[in-house]
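Every position in the sequence shown, counted from 1, becomes a number in the working numbering once 9 is added. By construction, the Cβ of each residue, glycine as well, lies at the ideal position given by its N, Cα and C atoms. Just below is one structure, and these are the notes that go with it.
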Amino acid sequence: MEITKKITIRCPQDRYINLKEKLEKLNMTQSEYLNTLIENDLKDNNVVLNQKELICAISKISTCINHLGENYPEDEDVMKLKEEVRSSWRILS
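So this is what it looks like as structure tokens:
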């Protein structure tokens, strides 16, 4: 059984728009893109698996996604990202 963890990332509006355009060209979802980034980091041993550091990272990500939610309250992708952050917190708790 595979455990799915969801995360969200906060970024400036222009970067978010650029990312959405890039993903459309790549025919990828935001989740697929993030999974690819995480897999690449794991291969390079760049991901720190210390729970304390993960909590700090998820806190920062959560803040960023909440900011996106304020600017794009009706955006389905932002809503999905917010749910992914909630899932990350549930997994760590």
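Quick check on DSSP: helix, strand or coil for residue i?
{"i": "Thr-38", "result": "coil"}
{"i": "Ile-67", "result": "helix"}
{"i": "Asp-86", "result": "helix"}
{"i": "Tyr-81", "result": "coil"}
{"i": "Cys-20", "result": "coil"}
Alpha carbon to alpha carbon, how far is residue i from residue j?
{"i": "Val-87", "j": "Glu-41", "result": "15 Å"}
{"i": "Glu-30", "j": "Glu-62", "result": "31 Å"}
{"i": "Leu-90", "j": "Asn-27", "result": "16 Å"}
{"i": "Glu-83", "j": "Leu-77", "result": "10 Å"}
{"i": "Tyr-25", "j": "Trp-98", "result": "23 Å"}
To which residues of the same chain is residue i closer than 6 Å at the C-beta, ignoring the five residues directly before and after it?
{"i": "Ser-71", "result": "Val-94"}
{"i": "Gln-39", "result": "Asp-86"}
Once you ignore the five residues that flank residue i on each side, which residues in its own chain have a CB closer than 8 Å to its CB?
{"i": "Asn-75", "result": "Arg-19, Lys-91"}
{"i": "Cys-73", "result": "Thr-17, Ile-18, Arg-19, Cys-20"}
In chain order, what residues of the same chain lie with their CB nearer than 7 Å to the CB of residue i, ignoring the 5 residues before and after it?
{"i": "Tyr-81", "result": "Val-87"}
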